[in-house]
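A.B. asks: Protein chains in written order, with our numbering: chain A, 1 to 318; chain B, 1 to 318. Positions of the beta carbon are idealized from the N, C-alpha and C atoms, including for glycine. In this text, all values refer to a predicted model and were calculated from it rather than measured experimentally.
There are 2 protein chains.
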Amino acid sequence: MDIIEQVVSGDVRTVARILRDIDDEIPSAMDVLRELYPHTGKSYVVGFTGSPGVGKSALVDQIATNYRKAAKTVGILAVDPTSPFTGGAILGDRIRMQRHFLDPGVFIRSLATRGHFGGLSRSTNDMVNVLDAAGKDVILIETVGVGQDEVEIVNSAHTTVLVTIPGMGDEIQAIKAGIMEIGNIFVVNKADREGSRKTVRELMNMIELGARRHNGGEWEPQIVETEAIKGRGIEELYEAIEKHRAYLLATHTEKWREILQKRARMQFLVVLKDQAFRTILERLEGRGDSLDEMVQKIVDKESDPYTIVQQIIDKELK
Amino acid sequence: MDIIEQVVSGDVRTVARILRDIDDEIPSAMDVLRELYPHTGKSYVVGFTGSPGVGKSALVDQIATNYRKAAKTVGILAVDPTSPFTGGAILGDRIRMQRHFLDPGVFIRSLATRGHFGGLSRSTNDMVNVLDAAGKDVILIETVGVGQDEVEIVNSAHTTVLVTIPGMGDEIQAIKAGIMEIGNIFVVNKADREGSRKTVRELMNMIELGARRHNGGEWEPQIVETEAIKGRGIEELYEAIEKHRAYLLATHTEKWREILQKRARMQFLVVLKDQAFRTILERLEGRGDSLDEMVQKIVDKESDPYTIVQQIIDKELK
Chain A
1 MDIIEQVVSG DVRTVARILR DIDDEIPSAM DVLRELYPHT GKSYVVGFTG
51 SPGVGKSALV DQIATNYRKA AKTVGILAVD PTSPFTGGAI LGDRIRMQRH
101 FLDPGVFIRS LATRGHFGGL SRSTNDMVNV LDAAGKDVIL IETVGVGQDE
151 VEIVNSAHTT VLVTIPGMGD EIQAIKAGIM EIGNIFVVNK ADREGSRKTV
201 RELMNMIELG ARRHNGGEWE PQIVETEAIK GRGIEELYEA IEKHRAYLLA
251 THTEKWREIL QKRARMQFLV VLKDQAFRTI LERLEGRGDS LDEMVQKIVD
301 KESDPYTIVQ QIIDKELK
Chain B
1 MDIIEQVVSG DVRTVARILR DIDDEIPSAM DVLRELYPHT GKSYVVGFTG
51 SPGVGKSALV DQIATNYRKA AKTVGILAVD PTSPFTGGAI LGDRIRMQRH
101 FLDPGVFIRS LATRGHFGGL SRSTNDMVNV LDAAGKDVIL IETVGVGQDE
151 VEIVNSAHTT VLVTIPGMGD EIQAIKAGIM EIGNIFVVNK ADREGSRKTV
201 RELMNMIELG ARRHNGGEWE PQIVETEAIK GRGIEELYEA IEKHRAYLLA
251 THTEKWREIL QKRARMQFLV VLKDQAFRTI LERLEGRGDS LDEMVQKIVD
301 KESDPYTIVQ QIIDKELK
């Protein structure tokens, strides 16, 4: 059985190896990804995003459990330095996650958020494709913050869950200003804390003001209060996700095609940008052009980044 | 007077126009940046990073005031959807900032965090260079979160201030896991809140464990408790920044050269990646190759992003 067949059959060791190759930016991973691509498109991808400390991992953990109860296989990608999956959070959390480590129906992978020179969203997309080809029914992506990478990552999900906690007024502002339009479901986690209802009301106002429009006028963004640690509200969140999935899939509407196109465009541009950059760096290296020397020229003001870049582009591009 | 002379003389309208061109990704901005580059290198750049709601803008506002008192000119770049500079936060904040809007010694610009397809760190770097050439003594960058873009942005600063608030244990984890090594100064803002001392102790432990090493063994990362709104701790923070600046500048040591090289390398790679991508897209367009058609082929599984990207690279690169 070749490597592609092994992935498609769901072989855990092969999948793990390819994900490692992607993380290490091994060039041959691209060939594997190319051959795997025809096997993708069956997974449902759900993105969870929010600031550190809002409890995204606990939510992902609980939702994974719900999908397992429904006999669905699950892939989890944690793009978050604070994730217990990544090893960031407290011991209790990590132990709690271990129930999934023992379950062959759940594949968990974390991505380092350092060292990828802007290639984080590409790595995440590539890994989603591998888990998709490997037959995971559902892929849950946990990502932190509201930066550009997160927007790109979240744009490659079918359903996006924005997670906040009570009392983070500025957090709501962030959602409003930055990523409101990408939220299909809003979660107020740690809802036992003071101010949960107020946060829900703020979210409702925000949705009234614009999020509904951004969702195409048809899907009304859901708001769910949860206490992930205790399991409260999880069933409701699970149903909200499934409801959004059903909304998207029901009719193979314009909306579903839009989402497929948006995902394809994002994946394509992310790979193009990253691969062009990698290829140019490789060629510079192949020609013996020293990056260090170029950097030194910039430091010494003998040249500048814009001139050197233009020279490289003139030389490397047709 | 040509455009370069106008920028170098600090003409506000010209500076504003060029920053707008950078934001709009107008190709000619690159020529301006190239000619401005020899005039850069005099500004001191301080990056403030932390989650939404920790009060970065209020800190930046206060520190700007301190620099103004010291008769230094200030540039402020807000790369944060929640920043009052950007228009994200509550009215009171925005009014407070207005004292600077009336001061010709302060130039404030916010960057949208949407729409830049991964080019956010490039835009920020480019804008820093313009403000630098325009003669700002100090440039304060406000950025949210711990994503890849933020790391790139913060790496282009001389001094990095990581801002947190009491009771965000996971926040500390994030700092620890993701960006500990880039923090020169740690601020516990809203220090009147319960748990501030505990947060300081956690930070001290963290520094003991590793941040000192990451700072080259010589600079001991400072921890400052502040209440930005009331001005408490601001003088101390200001002194910590100046102390770090003095440390870097004092001897023109290895450390200072390292920082210049790190900044130059980051700027160079960021411009290369972004410019190569833009140039390839322009050429595809010039040849009449339709991105939409490529995307549709991916959606229809007639091809895949990896194959199409490889075809483009084979065609466009020598």
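Does the Cβ of B:Gln6 lie closer than 7 Å to at least one heavy atom of the ligand FAD?
C.D. replies: The ligand FAD is absent from the structure shown, which contains no ligands of any kind.
A.B. asks: Going by DSSP, what residues sit across from B:Glu194 in a beta bridge?
C.D. replies: As a working mapping, residue 194 of chain B is identified with position 194 in the second sequence. Answer is none; B:Glu194 lacks a bridge partner.
A.B. asks: Is the Cβ of B:Lys273 closer than 8 Å to any Cβ of chain A?
C.D. replies: Counted from its first residue, the second sequence places residue 273 of chain B at position 273. Chain A, which has a Cβ nearer than 8 Å to the Cβ of B:Lys273, makes this yes.
A.B. asks: So, with DSSP's three-state summary, where would you put A:Arg109?
C.D. replies: Numbered from 1 along the first sequence, position 109 holds the residue referred to as residue 109 of chain A. A:Arg109 falls in the strand class under three-state DSSP.
A.B. asks: Listing by chain order, which chain B residues have their CB less than 8 Å from the CB of A:Glu285?
C.D. replies: What you label residue 285 of chain A is simply residue 285 of the first sequence in a count that begins at 1. Result: empty, since nearest Cβ-Cβ is about 13 Å, beyond 8 Å.
A.B. asks: Does B:Ala264 come within less than 8 Å of chain A when only Cβ atoms are used?
C.D. replies: As a working note, residue 264 of chain B is residue 264 in the second sequence. It does: the Cβ of B:Ala264 has a partner Cβ on chain A nearer than 8 Å.
A.B. asks: Nearest to A:Ser123 by CA position, among A:Ala134, A:Ala78 and A:His158, is which residue?
C.D. replies: By 1-based counting over the first sequence, the position of residue 123 of chain A is 123. With distances taken between Cα atoms, A:Ser123 lies closest to A:Ala78.
A.B. asks: On a CA-only basis, which of B:Gln261, B:Val271 and B:Ile298 is nearest A:Asp292? Give me that one, please.
C.D. replies: On the first sequence, residue 292 of chain A is found 292 positions in, with the first residue counted as 1. For the residues B:Gln261, B:Val271 and B:Ile298, the minimum Cα distance to A:Asp292 belongs to B:Gln261.
A.B. asks: What does B:Gly233 reach in chain A if we use C-beta pairs closer than 8 Å?
C.D. replies: Residue mapping note: residue 233 of chain B aligns to position 233 of the second sequence, counting from 1. Under the 8 Å cutoff, chain A gives no residues; its nearest Cβ is about 20 Å from B:Gly233.
A.B. asks: Identify whether A:Ala58 lies in helix, strand or coil by the three-state DSSP scheme.
C.D. replies: Translated into the one-based positions of the first sequence, residue 58 of chain A becomes position 58. Reduced to three states, the DSSP call for A:Ala58 is helix.
A.B. asks: Could you work out which residues of chain A lie near B:Ala276, taking near to mean beta carbons separated by less than 7 Å?
C.D. replies: Position 276 of the second sequence, counted from the start, is the residue given in the question as residue 276 of chain B. Per Cβ cutoff of 7 Å: Ala276, Phe277, Ile280 and Ile313.
A.B. asks: Who are the Cβ neighbours of A:Val138 in its own chain at under 6 Å, not counting the five residues just before and after it?
C.D. replies: Residue numbering aside, residue 138 of chain A sits at position 138 when the first sequence is read from its first letter. Cβ neighbours of A:Val138 beyond the five flanking positions: Tyr44, Tyr67, Lys72 and Val74.
A.B. asks: Which term fits A:Pro38, buried or exposed, when burial requires 16 or more other beta carbons within 10 angstroms of its beta carbon?
C.D. replies: The residue given as residue 38 of chain A occupies position 38 in the first sequence. Result: exposed.
A.B. asks: Between the alpha carbons of B:Gly320 and B:Gly167, how many angstroms are there, rounded?
C.D. replies: Since the first residue shown for chain B is 1 and the last is 318, residue 320 of chain B is missing from the structure and cannot be characterised.
A.B. asks: Give the range of the beta strand (DSSP E) segment to which A:Ile182 is assigned.
C.D. replies: The residue given as residue 182 of chain A occupies position 182 in the first sequence. Run containing A:Ile182: none; DSSP gives neither H nor E here.
A.B. asks: Looking at the C-beta of A:Lys319, does it have a partner C-beta in chain B at a distance below 8 Å?
C.D. replies: The structure shown does not extend to residue 319 of chain A, since chain A is modelled only from 1 through 318, so no value can be given for it.
A.B. asks: Within a Cβ cutoff of 7 Å, which residues of the same chain sit near B:Ile3, ignoring the five residues on either side of it in sequence?
C.D. replies: Position 3 of the second sequence, counted from the start, is the residue given in the question as residue 3 of chain B. For B:Ile3, where only same-chain residues beyond five positions count, the Cβ hits under 7 Å are Thr14 and Val32.
A.B. asks: With DSSP as the reference, label A:Ile165 as helix, strand or coil.
C.D. replies: Here residue 165 of chain A refers to the residue found at position 165 of the first sequence. Three-state result, A:Ile165: coil.
A.B. asks: At a Cβ threshold of 8 Å, is A:Ile259 touching chain B?
C.D. replies: Position 259 of the first sequence, counted from the first residue, corresponds to residue 259 of chain A. Output row for A:Ile259: interface = no.
A.B. asks: If the cut is a Cβ gap below 8 Å, which residues of chain A does B:Gln267 touch?
C.D. replies: Looking up residue 267 of chain B in the second sequence gives position 267. Those are Ile298 and Pro305, listed as they occur along chain A.
A.B. asks: Here's the rule I'm using: 16 or more other beta-carbon atoms within 10 Å means buried, otherwise exposed. How should B:Ser57 be labelled?
C.D. replies: Here residue 57 of chain B corresponds to residue number 57 of the second sequence, with the count starting at 1. Counting Cβ neighbours within 10 Å, B:Ser57 comes out buried, since at least 16 surround it.
A.B. asks: Quick check on DSSP: helix, strand or coil for A:Lys315?
C.D. replies: Taking the first residue of the first sequence as 1, we reach residue 315 of chain A at position 315. In this structure, A:Lys315 counts as helix in the three-state DSSP scheme.
A.B. asks: By Cβ distance below 6 Å, which residues in the same chain neighbour A:Ala16 in space, the five residues on each side in sequence not counted?
C.D. replies: On the first sequence, residue 16 of chain A is found 16 positions in, with the first residue counted as 1. None.
A.B. asks: Quick check: is the beta carbon of A:Leu33 nearer than 8 Å to any beta carbon in chain B?
C.D. replies: Counting from one through the first sequence, the residue named residue 33 of chain A turns up at place 33. By this cut-off, A:Leu33 is an interface position.
A.B. asks: Could you tell me how far apart the beta carbons of A:Ile313 and B:Gln275 are, in whole angstroms, since I believe they sit closer than 8 Å?
C.D. replies: Taking the first sequence and counting its residues from 1, one reaches residue 313 of chain A at position 313. Taking the second sequence and counting its residues from 1, one reaches residue 275 of chain B at position 275. With 8 Å as the limit, A:Ile313 and B:Gln275 qualify as a contact, their Cβ atoms being about 6 Å apart.
A.B. asks: Given a limit of 9 Å on CB to CB distance, which residues of the segment 38-53 of chain B reach chain A?
C.D. replies: Result list: Pro38, Thr40, Gly41, Ser51, Pro52 and Gly53.
A.B. asks: Count Cβ pairs between the segment 20-35 of chain B and the segment 49-64 of chain B that sit closer than 8 Å; are there 3 or more?
C.D. replies: Judged by Cβ distances under 8 Å, the segment 20-35 of chain B makes no contact with the segment 49-64 of chain B, as fewer than three pairs qualify.
A.B. asks: Closest by CA to A:Ile76, which one among A:Asp103, A:Ser51, A:Gly53 and A:Val54?
C.D. replies: For the purposes of this step, residue 76 of chain A is identified with residue 76 of the first sequence, where counting begins at 1. Ranking A:Asp103, A:Ser51, A:Gly53 and A:Val54 by Cα distance to A:Ile76 puts A:Asp103 first.
A.B. asks: According to DSSP, is A:Ala78 helix, strand or coil?
C.D. replies: Against the first sequence, residue 78 of chain A aligns to sequence position 78. Strand at A:Ala78.
A.B. asks: At a Cβ threshold of 8 Å, is A:Glu316 touching chain B?
C.D. replies: Position 316 of the first sequence, counting from 1, holds the residue named residue 316 of chain A. Closer than 8 Å to some Cβ of chain B, the Cβ of A:Glu316 qualifies, so yes.
A.B. asks: State buried or exposed for B:Glu285, treating a residue as buried only when at least 16 other CB atoms are found within 10 Å of its CB.
C.D. replies: Reading the second sequence from its first residue, position 285 is the one you call residue 285 of chain B. B:Glu285 is exposed by the Cβ-count criterion.
A.B. asks: Counting only the same chain and skipping the five closest in sequence on each side, list residues whose C-beta sits under 6 Å from that of B:Leu332.
C.D. replies: One cannot answer for residue 332 of chain B here, as it falls past the ends of chain B, which runs 1 to 318.
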